[in-house]
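*Asks:* For reference, each letter of the sequence shown is one residue, going 534 to 1016 in my numbering.
Please read through the structure below; I'll follow up with questions.
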Amino acid sequence: MNKTIRHAAVFTLLLVLALLVRATWVQFYDGTALADDKHNRRNAIEQYAHPLGDIIVAGDAITGSARTKGGDLEYKRTYKNGSLYAAVTGYSSQVYGATQLEGVYRSLLDGTDNQLKNPLDTLTNKRADPGDVVTTIDPAVQKAAYRALGDKKGAAVAIDPKTGRILAAVSTPSYDPGLLSTGDSAAWKRLTKSSDKPMTNRALRQPLPPGSTFKLVVAAAALEDGLYRDVDARTDSPNPYTLPGTTRVLANENASAPCEDASIRVALQYSCNNVFAKMAVSLGQDKVRAMAEKFGFNDATQDVPVRAYPSVYPSGMDPAQTALTGIGQFDVTATPLQMAMVSAAIANGGELVSPHMVARTSDADGDVLKDYDDSTGTERIVSASTAEQLRSAMRTVVEDGTGTNARIAGATVGGKTGTAQHGENNSKTPYAWFTSYATSDSTGKEVAVAVLVEQSDAARSEVSGNGLAAPVAKAAMEAALRD
């Protein structure tokens, strides 16, 4: 064979082999990446070629699917009372993807989850009938909290302390996920550019300074550590209290309150800053942080199953900064979910049941794929004795202290108010907080609720946990305890 022809034949063979290798690589490696690429229109076409599964609240679907009138997508996602449940469902959009439960269970809801497939479907890669997501949300509690928040910017979370079921997760102002189903760019721009941030899930994913509601965590640390024997023991708390190493005097909201050397009960009742600032310094930041983390702070993996943003108790502080954390300031942040968890653990005898807002997932025939109620964990946070004492002190707050707007006839209610300062030199309108628990005197039903009012029409001087947040918590608690 001619040498030139031989070289050309070898070169051609190498080219063919290179093409085969490249084709194989694209098919079995790059193919997967290309198929999963968010810009691949075929994914959306396939996902919306059939009706999606549903998200269920109290036996009723709050999502649906409707045929489109044109284009290459057969169906679009629809929502029932979309604004009410947006913090639970999130959205499923042909253009903008999916969030919240719609995102977490996307493959289950569109039928591509392997749990839904039989062996033959797995071999043929056939799309199965979609499954459903059954939530723990109580529509009465969700509606009560949503209506009570009204036009305020804020959030509320309600938890059943014994089961960990999230009965309500509300964020206001809200939005209608149905506006985004077909990729309405005008709606997307309006919602994402709004200064009110209606698409932010304030219930789970916006930690802010918790103010005096954090005093419950400090009190728990002091009782567990033995710094004080009970909630009625006299504390070592000068009033006024000067932050260590500074000349700054920490004032109390009520200058006439009996805060000097006040017991934990009285200090919670009147929300005495001097007591809890001094208590945090006496305990030291490590002990306060350890207790905060037992309640769930600094947990970057908190799933309900939506990933919640971590609530933070800081480290590396000087004594003055540690004192400020004792009243829920400096760099302490918390979500309403986190503060509801604090009240839930106290209400449940010191044990925290993992909070969750999905009861189970099921296939198209209704057969259970996973039961989340049976798989939740329980962790002891404080002793039963400490929990009972804190419940008692929280009852004093509601019956005779700063939380009287949360009183409910026929129920035992305990709570803690909070007014968190923020902005340079505390120049911005404070956040109003309330965290609480309630037990029906007739049925024994229980609920724990946390409310944050980030902004309202109230004058700055009228912003308080009792004035703004406690009525919202009361409405949610009443709905949860109703027979």
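Don't be surprised by glycine CBs; every beta carbon is placed ideally from N, CA and C.
Please read these numbers as outputs of a predicted model, since none were measured by experiment.
Leaving out the 5 sequence neighbours to the left and right, which residues in its chain are closer than 7 Å to Ser626 when beta-carbon positions are compared?
*Replies:* Leu713, Ser714 and Gly716
*Asks:* Work out the CA separation of Arg924 and Ala720 for me, nearest whole Å.
*Replies:* 46 Å
*Asks:* Is there contact between the segment 965-984 and the segment 621-639, where contact requires at least three CB pairs shorter than 8 Å?
*Replies:* no
*Asks:* Whose C-alpha, out of Thr601, Gly597 and Val984, is nearest the C-alpha of Asp665?
*Replies:* Gly597
*Asks:* Please name the residue in Ala754, Val690, Asp974 and Ser848 whose C-alpha comes closest to that of Ala944.
*Replies:* Asp974
*Asks:* With 16 as the cutoff for other CB atoms within 10 Å, does Lys748 come out buried or exposed?
*Replies:* buried
*Asks:* Alpha carbon to alpha carbon, what distance is there between Leu547 and Gln633?
*Replies:* 50 Å
*Asks:* Does the beta-carbon of Gln648 have 16 or more other beta-carbons within 10 angstroms, so that it is buried, or is it exposed?
*Replies:* Its Cβ having fewer than 16 others within 10 Å, Gln648 is exposed.
*Asks:* Return the bridge partner residues of Gln988 from the DSSP annotation.
*Replies:* Lys686
*Asks:* Would Pro847 and Val814 qualify as a contact pair, given that the criterion is a beta-carbon distance under 8 Å?
*Replies:* no
*Asks:* Go ahead and pull the three-state DSSP assignment for Asp851.
*Replies:* It is coil, neither helix nor strand.
*Asks:* Just list the beta strand (DSSP E) runs in the segment 666-727, keeping only unbroken ones of 3 residues or longer that don't cross its boundaries, in chain order.
*Replies:* 686-692 and 699-705
*Asks:* Specify whether the segment 781-798 and the segment 833-847 touch according to this definition: at least 3 beta carbon pairs, one from each stretch, less than 8 Å apart.
*Replies:* With a cut-off of 8 Å, the segment 833-847 and the segment 781-798 do not count as touching, because too few Cβ pairs lie within range.
*Asks:* Can you give me the start and stop residues for the beta strand (DSSP E) that Ile523 sits inside?
*Replies:* No statement about residue 523 is possible, as the shown extent of the chain runs from 534 to 1016 and does not include it.
*Asks:* Considering just the uninterrupted stretch of the alpha helix (DSSP H) at Leu758, what are its terminal residues?
*Replies:* Here residue 758 is Asp; the residue named in the question, Leu, does not match the sequence. Its alpha helix (DSSP H) spans residues Lys748 to Asp758.
*Asks:* Are the CB atoms of Ser804 and Ala766 nearer to each other than 8 Å?
*Replies:* no
*Asks:* Please report the distance separating the alpha-carbon of Gln739 from that of Tyr842.
*Replies:* 7 Å
*Asks:* If you measure from the CB of Leu776, is any heavy atom of the ligand MN nearer than 7 Å?
*Replies:* You won't find the ligand MN in this model; it holds no ligand whatsoever.
*Asks:* Any idea what DSSP makes of Ala944, helix, strand or coil?
*Replies:* strand
*Asks:* Spatial neighbours of Thr768 within its chain, please: C-beta separation below 8 Å, excluding the five flanking residues on both sides.
*Replies:* Tyr761, Asp794, Ala795, Ser796, Ile797, Ala800, Val808, Lys811 and Met812
*Asks:* Which residue or residues does DSSP assign as beta-bridge partners of Gly597?
*Replies:* DSSP output for Gly597 lists Thr611 as bridge partner(s).
*Asks:* Just how far apart, CA to CA, sit Arg928 and Val946?
*Replies:* So the two alpha carbons sit approximately 6 Å from each other.
*Asks:* Going by DSSP, what residue range makes up the alpha helix (DSSP H) through Val764?
*Replies:* Where Val764 is concerned, there is no enclosing alpha helix (DSSP H), given that its DSSP letter is neither H nor E.
*Asks:* How many whole angstroms separate the CB atoms of Ile860 and Asn806, which I take to be in contact at a CB cut-off of 8 Å?
*Replies:* So it is a contact: roughly 5 Å between Cβ atoms.
*Asks:* Using C-beta distances below 7 Å, list every residue in its chain close to Ala599, excluding the 5 sequence neighbours before and after it, in chain order.
*Replies:* Tyr608, Lys609 and Thr611
*Asks:* Threshold first: 4 residues or longer. Then list the alpha helix (DSSP H) segments lying entirely within the segment 868-925, N to C.
*Replies:* Runs of the alpha helix (DSSP H) inside the segment 868-925: 869-880.
*Asks:* For the beta strand (DSSP E) containing Phe967, list its first residue and its last residue.
*Replies:* Tyr964 to Ser973
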